[in-house]
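Okay, structure first, notes after.
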Amino acid sequence: MKPKILVVYYTQTGQLRQILDSILSGLKDKAEIDFYRVEPVNPFPFPWNALRFFDTMPETVVQLPCEIKPLAPSVKDKNYDLVILGYQPWFLNPSQPTTAFLQSEFVNLLKNKNVITVVGCRNMWLHAQEKVKEYLSAANAQLVGNIVLTDSSPNLVSLLTVIRWAFKGQKEASGLLPAAGVQDADIDNASRFGHIIYKHLNENSLGDLQSELLMQKAVQLRPGLVILEQRGIKNFRYWAKFIREKGGPGDPNRAGRVLLFKNLLLVGIFILSPISALTAKIKQFIKRKSLLRDVEYFKQVQFEKGRM
Ligand SMILES: Cc1cc2nc3c(=O)[nH]c(=O)nc-3n(C[C@H](O)[C@H](O)[C@H](O)COP(=O)(O)O)c2cc1C
3 MKPKILVVYY
13 TQTGQLRQIL
23 DSILSGLKDK
33 AEIDFYRVEP
43 VNPFPFPWNA
53 LRFFDTMPET
63 VVQLPCEIKP
73 LAPSVKDKNY
83 DLVILGYQPW
93 FLNPSQPTTA
103 FLQSEFVNLL
113 KNKNVITVVG
123 CRNMWLHAQE
133 KVKEYLSAAN
143 AQLVGNIVLT
153 DSSPNLVSLL
163 TVIRWAFKGQ
173 KEASGLLPAA
183 GVQDADIDNA
193 SRFGHIIYKH
203 LNENSLGDLQ
213 SELLMQKAVQ
223 LRPGLVILEQ
233 RGIKNFRYWA
243 KFIREKGGPG
253 DPNRAGRVLL
263 FKNLLLVGIF
273 ILSPISALTA
283 KIKQFIKRKS
293 LLRDVEYFKQ
303 VQFEKGRM
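Start counting the sequence shown at 3; every next residue gets the next number (the working numbering).
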């Protein structure tokens, strides 16, 4: 009998679906694969306008997500051998549709199941994955693997291209800037993970899956990212609270604070970032040993509350 795999995912531009299709490309004839796309009742706009984009931050950070459409009944009734959860971080947290799924009754699908997370993002995913681990643990699901595909361009370059992509809808290279998002070659090469997943599923050895995925570079992580995310999440929490004091999503009363957040974030990223990169490097040097322990932890699938 072919193993049954359920793929639960959200994607706005289609990038995450491309990644999942590539990973599963070698398994089409070997497994029964069902896809369930999480869909917001009111879809988020793409391309975004700046106010709406930054107005999405507070509720994403405090985990008060959008409403999603119900699950197809056919999915509910099957007994899956493996669930793959594909998602992307928004503002260092799971995207709102992902959080909505993880907070909904549909998460019961994952109860007592082996789960593999697949993340497709710019390059900051650690805090989001810790949140996902926490939801999975609350749902009594067993996280057995994690695959992360990021944009491998330098940090500031990927910021410029993601801005062009989000606000103009242009993913393709232009001028001096490369294409936005995860590089096509990295998406194509993700097919190597499917064979490993199938082998461990078939041999009933999913407990050893993550070690083998890591040997195949399923997660690549620089120690500096840990510091940047720790700083970023503190700021986002502060701003989320400050903005929400003036109202809920889209409330004109909070637009001033949202725009202030936007401007300060852009100043922080483009003007202060050489300074913060330098202080992060110094911190990295001083705290080298504990950072290396953090990197090891974040590459694994175990969950320890309060690590980020
Ligand atoms: C509102 C918003 C916030 C985002 N925040 C992050 C982030 O914190 N870290 C990151 O690496 N990428 C971030 N991204 C990029 C996404 O993770 C993702 O790569 C991109 O939106 C394409 O995903 P898709 O499959 O939904 O089209 C953000 C994108 C959006 C739209």
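Quick reminder that beta carbons are idealized off the backbone N, C-alpha and C, glycines included.
Buried/exposed call for residue i, threshold 16 Cβ in 10 Å
{"i": "V40", "result": "buried"}
{"i": "V303", "result": "buried"}
{"i": "P49", "result": "exposed"}
{"i": "A182", "result": "buried"}
{"i": "A33", "result": "buried"}
{"i": "D186", "result": "exposed"}
{"i": "S176", "result": "exposed"}
{"i": "Y240", "result": "exposed"}
{"i": "G252", "result": "exposed"}
{"i": "I273", "result": "exposed"}
{"i": "L94", "result": "buried"}
{"i": "L293", "result": "buried"}
{"i": "V184", "result": "buried"}
{"i": "G250", "result": "exposed"}
{"i": "I198", "result": "buried"}
{"i": "R290", "result": "exposed"}
{"i": "R166", "result": "buried"}
Residue(s) in a DSSP beta bridge with residue i
{"i": "N148", "result": "T119"}
{"i": "D36", "result": "L8"}
{"i": "P96", "result": "P91"}
{"i": "I86", "result": "V9 and I118"}
{"i": "L179", "result": "S176"}
{"i": "I70", "result": "P42"}
Beta carbon of residue i nearer than 8 angstroms to that of residue j
{"i": "L203", "j": "P5", "result": "yes"}
{"i": "P99", "j": "R246", "result": "no"}
{"i": "V134", "j": "P180", "result": "no"}
{"i": "V146", "j": "N116", "result": "yes"}
{"i": "F37", "j": "V9", "result": "yes"}
{"i": "V121", "j": "F238", "result": "no"}
{"i": "V221", "j": "K301", "result": "yes"}
{"i": "I271", "j": "L161", "result": "yes"}
{"i": "M101", "j": "Q65", "result": "Looking at the sequence itself, residue 101 is Thr, so the reference to Met does not match. Going by C-beta atoms, T101 is nearer than 8 angstroms to Q65."}
{"i": "Q286", "j": "G234", "result": "no"}
{"i": "R205", "j": "M126", "result": "Reading off the sequence shown, one finds Glu at residue 205, where the question assumed Arg. Not in contact: E205 and M126 (Cβ atoms no closer than 8 angstroms)."}
{"i": "L104", "j": "L261", "result": "no"}
{"i": "I7", "j": "I35", "result": "yes"}
{"i": "S24", "j": "S275", "result": "no"}
{"i": "Q212", "j": "N148", "result": "yes"}
{"i": "K243", "j": "R259", "result": "no"}
{"i": "Y89", "j": "Y200", "result": "no"}
{"i": "F55", "j": "A168", "result": "yes"}
Pick from the options that is closest to residue i, judged by C-alpha positions
{"i": "S155", "options": "P72, T163 and N148", "result": "T163"}
{"i": "V150", "options": "G171, A141, L8 and R124", "result": "R124"}
{"i": "M310", "options": "G250, E174 and L128", "result": "L128"}
{"i": "E306", "options": "I70, Q131 and I25", "result": "Q131"}
{"i": "N51", "options": "K264, G270 and Q185", "result": "K264"}
{"i": "W92", "options": "E107, I86, P67 and P75", "result": "P67"}
{"i": "N191", "options": "L293, G28 and S176", "result": "G28"}
{"i": "D210", "options": "D188, T15 and I118", "result": "I118"}
{"i": "D57", "options": "E136, A257, S213 and P75", "result": "A257"}
{"i": "A74", "options": "E107, K30, R194 and G250", "result": "E107"}
{"i": "L26", "options": "P254, F55 and L87", "result": "L87"}
{"i": "V43", "options": "P72, G171, V159 and R166", "result": "P72"}
{"i": "I189", "options": "N142, T152, K236 and G308", "result": "T152"}
{"i": "L268", "options": "M3, K30, R224 and L158", "result": "L158"}
{"i": "G308", "options": "T15, E136, N142 and R166", "result": "E136"}
{"i": "Q14", "options": "G171, K236, K283 and K30", "result": "G171"}
{"i": "S224", "options": "N142, F195, K30 and K283", "result": "Sequence check: residue 224 is Arg here, not Ser. Among N142, F195, K30 and K283, the Cα nearest to that of R224 is on K283."}
_Whether or not the region 79 to 91 and the region 106 to 115 are in contact is what I'm after, with contact meaning three or more pairs of Cβ atoms, one per stretch, closer than 8 angstroms; do they touch?_
yes
*Count the CB pairs spanning the region 19 to 29 and the region 217 to 224 that are closer than 8 angstroms, and state whether there are at least three.*
no
_Stretch-stretch touch, CB-based, cutoff 8 angstroms, three pairs: the region 273 to 281 with the region 290 to 298_ = no
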